[in-house]
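**Q**
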Amino acid sequence: MRAIKIKNIVFGEGNIKICLPVIQSNKEDILKTIDYYETLNGWDLIEIRLDYLKALSDSLSILKDIQEHTNHVILATVRTCHEGGEADMTDQEYEYLLSNIIQNQLCDIIDLEISHHKPSLMRLIELAHVHHIKTIISSHNFYKTPSYSELEELLKIMELLEGDILKLAVMPQCKEDVTRFMHFSSVMSSKLEKPLITMSMGRLGMISRIACKITGSVMTFASAGKSSAPGQIDLETVKKLLDIFSEK
């Protein structure tokens, strides 16, 4: 696996990285949340879920203010309704918003959904490379855990798009789905050149969020207030359990 360095953290080396989501709907609450996060220890980056904003048109000004409130790595995400988010927008609107975020260098990493029009994704990835912003190519399935072959095909497409980090999130319907997906993640993380983030969502899949040393996932999400996905665990518990699973 090729490690990816962003500011002072390296994905694919050392400890599993912990990301705290910010899902408030207005600037005042977002900045209060970030100021609170800054009082906590043991986390690495924040994900700004812009799709939760009351007005997506405020995204650029809010990201500018966020950059003044934290030195942590900033991951900008606009999750559409199609992939379990809140933003109801066309591919053209999605590309326009994310292009503006990238061109103004308002984040360190940007999440790009693989479900979008492939030429649009390719333009966004190329633009991000030009402006020295890393990309996460992500896929979210809130209904099932796809088969091995379906998951492998997704990863092949993600690799061809030449993003920096690959992310798969799935929903298990039974415990076998969880063990199958964790095994898949472990196998693929040893084969892929790019860092991989994986999680099995919901209560059934909670173990996948803290067994990253087993699955090969380079990052996990934790909550320190409102959670952004089913099965997300609070920060203190995540830190303790990551330590346990990391013991040799």
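Under our numbering, the first residue of the sequence shown is numbered 36, with each subsequent residue one higher.
For each residue, glycine too, the CB sits at the ideal point set by N, CA and C.
None of these values were measured; they are calculated from a predicted model.
1) Suppose you measure from the CA of residue 73 to the CA of residue 99; what does that come to, to the nearest Å?
2) Pull up the distance between the alpha-carbon of residue 244 and that of residue 226, whole angstroms please.
3) Comparing alpha-carbon positions, which option in 228, 249, 257 and 75 lies nearest residue 236?
4) Where do the ends of the beta strand (DSSP E) carrying residue 54 lie?
5) DSSP has residue 200 in a bridge; who is on the other side?
6) Kindly list the residues whose CB is nearer than 8 Å to the CB of residue 268, restricted to its own chain and excluding five residues on each side of it in sequence; keep chain order.
7) Using only alpha-carbon positions, find the residue among 60, 110 and 212 that is nearest to residue 173.
8) Helix, strand or coil for residue 69 per DSSP?
9) To which residues of the same chain is residue 152 closer than 7 Å at the C-beta, ignoring the five residues directly before and after it?
10) Under DSSP, the beta strand (DSSP E) around residue 45 begins and ends at which residues?
11) Please report the residue range of the beta strand (DSSP E) in which residue 235 lies.
12) Buried or exposed: which applies to residue 59, given that a residue is buried once 16 or more other Cβ atoms fall within 10 Å of its Cβ?
13) To test your reading of the DSSP string, which unbroken alpha helix (DSSP H) runs of 4 or more residues are found completely within the stretch 110 to 189?
14) Where do the ends of the beta strand (DSSP E) carrying residue 250 lie?
**A** Based on what the coordinates show:
1) The sequence position of residue 73 within the sequence shown is 38, counting from 1. The sequence position of residue 99 within the sequence shown is 64, counting from 1. Cα to Cα, the separation comes out at about 17 Å.
2) As a first step, residue 244 is located in the sequence shown; it is residue number 209 there, counting from the start. As a first step, residue 226 is located in the sequence shown; it is residue number 191 there, counting from the start. Between residue 244 and residue 226, the C-alpha separation is close to 20 Å.
3) By one-based count along the sequence shown, residue 236 stands at place 201. Of the candidates 228, 249, 257 and 75, the one whose C-alpha sits nearest the C-alpha of residue 236 is 257.
4) As a working mapping, residue 54 is identified with position 19 in the sequence shown. Element bounds for residue 54: 52 to 57.
5) As a working note, residue 200 is residue 165 in the sequence shown. Beta-bridge pairing links residue 200 to 171.
6) Here residue 268 is taken as the residue at index 233 of the sequence shown, counted from 1. Excluding positions up to five away in sequence, the list reads 241, 244, 245, 257, 258 and 276.
7) Residue mapping note: residue 173 aligns to position 138 of the sequence shown, counting from 1. Checked all of 60, 110 and 212; the closest Cα to residue 173 is 110.
8) As a working note, residue 69 is residue 34 in the sequence shown. Correct three-state label for residue 69: helix.
9) Taking the sequence shown and counting its residues from 1, one reaches residue 152 at position 117. Closer than 7 Å at the Cβ level, and outside the excluded window around residue 152, lie 126.
10) The residue given as residue 45 occupies position 10 in the sequence shown. Start and end: 44 to 46.
11) Numbered from 1 along the sequence shown, position 200 holds the residue referred to as residue 235. Taken as a continuous stretch (DSSP letters only), the beta strand (DSSP E) holding residue 235 covers 231 to 235.
12) Residue 59 sits at position 24 when you count from the first residue of the sequence shown. Buried is the call here.
13) 126 to 138 and 153 to 165
14) As a position in the sequence shown, residue 250 is number 215, starting the count at 1. First-last for residue 250: 247 to 250, but that is the alpha helix (DSSP H), not the beta strand (DSSP E).
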